[in-house]
Amino acid sequence: MNLKNSIIVPILGRYADRFHEYQPARTFFDNLQVAAAIPGIEGIEVVYPQDFADPEQTVKAIQAAGLPVSAVNVNVKGEAKFRAGSFTNPDPQIRSQAVQYIKTAMDLAAQLGTDMITCCPLIDGHDYNFQVDYQKQWAWFVEGIREAALYRSDIKVSLEYKPYEVRNNIILGDMGRTLHLCNQVGLPNVGVTMDVGHALGARENPAAMACMAHDAGRLFYVHFNDNDRAWDWDMLPGSVNLWDLVETIYYLDRMNWSGWLTYDVYSRHGDPAEAFAVTFRIMETAKEIVEKLGRNEIQALIEEGVPARAFDYLFKKLFK
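The opening position of the sequence shown corresponds to residue 1 in full-length UniProt numbering, with each subsequent residue numbered one higher.
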């Protein structure tokens, strides 16, 4: 199972909600030092433009840290100019700026030795009926992603879907719409980042969605975390939906999918670095569970299709 562990660097820093601040602010360079010391880390995901206030200094610091970059994450939601949308903003100049963010990130990705940028267009969508023109929004989105992806065919554009937040309804709300977009763009370097927590929030089965994207040749990148399917809490993998975690690992292994598993896990309690070290150990244990259960045995249970017998086997094998 050739799967590599990566973390999103800014997650090590400030974390706050409407009521409390749980983690203090740190500079990117401080976060990078903390990341490099986490046991089991194999790579990092960095965020453009937030981590690149001084691009030359950032690139040098990343190279000095000695950690491969799994992807450059493009943030097109947080700045005031994107309040009405990024790729679907009614202002064509703002849409053009969002596309340029992708292009700049692609150049940075190449400079940092990765072939992947990822982007979650959380600000694109709508909150109310009759708020936006759905046809225009979709056309603008397809046009923008196509223009960005054509800029460099050697860099993959991996689009991360999510059903809600920041918008009540995000334009890429589930796997089906994201694969439809990939088909409409029609370029081989456009694919999907499947965030397990986002799939859970969309009432999807993560393992089934991984299979669907892989079958389409579009499963580029995977984020792991967990939640209660009601909100994107970014919890430790398997802490709520253990069987979904084991099943997803089983199918990634069965499909011989090789790539980065990047962890989107926030910590209200304790040290974020420790939480990521624990996350890596959880994932190793999940892989060991698949080994213990047996790939052939799991496949035989799936083919038999009798859940009572399947879970009788699974529980006895693990807990007796």
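For each residue, glycine too, the CB sits at the ideal point set by N, CA and C.
_I'd like the ranges of any beta strand (DSSP E) spanning at least 3 consecutive residues and lying wholly in the region 181-258._
190-195 and 219-224
*So residue 258 and residue 2 are in contact, right, with Cβ under 8 Å, and what is the actual spacing, rounded?*
4 Å
*asked:* Could you tell me which whole alpha helix (DSSP H) segments of length 4 or greater appear in the region 116-162?
replied: 134-151
_Residue of 165, 245 and 181 minimising C-alpha distance to residue 126_ = 165
*Would you call the CB atoms of residue 171 and residue 124 closer than 7 Å?*
yes
*Within 10 angstroms of its Cβ, does residue 232 collect 16 or more other Cβ (buried), or is it exposed?*
buried
*residue 104 and residue 158 closer than 7 Å at C-beta*: no
*asked:* Check this for me: beta carbons of residue 95 and residue 140, under 7 Å apart or not?
replied: yes
*What's the call for residue 118, buried or exposed, on a 16-neighbour Cβ count within 10 Å?*
buried
*Give me whichever residues DSSP pairs with residue 6 in a beta bridge.*
43 and 262
_Measuring only the C-alpha atoms, how far is residue 177 from residue 320?_
43 Å
_Local conformation of residue 164 per DSSP, three classes_ = coil
*May I ask you to report which of helix, strand or coil DSSP gives residue 274?*
helix
*Whose C-beta lies closer than 6 Å to the C-beta of residue 38 among residues of the same chain, with five residues either side of it excluded?*
273, 276 and 277
*If you draw a straight line from the C-alpha of residue 93 to the C-alpha of residue 50, how long is it?*
21 Å
*asked:* Mapping the DSSP letters down to three states, classify residue 267 as helix, strand or coil.
replied: coil
_Cutoff 8 Å; reference residue 324; Cβ partners in own chain excluding five residues on either side_ = One cannot answer for residue 324 here, as it falls past the ends of the chain, which runs 1 to 320.
*asked:* Please report the distance separating the alpha-carbon of residue 241 from that of residue 202.
replied: 14 Å
*By Cβ distance below 6 Å, which residues in the same chain neighbour residue 190 in space, the five residues on each side in sequence not counted?*
149, 157 and 182
*CB of residue 146 within 7 Å of CB of residue 185, strictly*: yes
*Using the Cα positions of residue 43 and residue 67, report the straight-line distance between them to the nearest angstrom.*
5 Å
*7 Å Cβ cutoff, residue 115 in contact with chain D*: The displayed structure is made up of one protein chain only, and chain D is not part of it.
*What are the partner residues of residue 72, as DSSP defines its beta bridges?*
46 and 117
*Tell me whether residue 243 counts as near the ligand MG, meaning its Cβ is closer than 6 Å to at least one heavy atom of that ligand.*
You won't find the ligand MG in this model; it holds no ligand whatsoever.
_By alpha-carbon positions, which one of 40, 25 and 108 ends up nearest to residue 284?_
40
*Assign residue 19 to one of two classes, buried (16 or more other C-beta atoms within 10 Å of its C-beta) or exposed (fewer than that).*
exposed
_Alpha-carbon to alpha-carbon, residue 318 and residue 325_ = Lying before the first or after the last residue shown, residue 325 is absent from the chain, which here runs from 1 to 320.
*Excluding the five sequence neighbours on either side, which residues of its own chain have a C-beta within less than 6 Å of the C-beta of residue 52, listed in chain order?*
58
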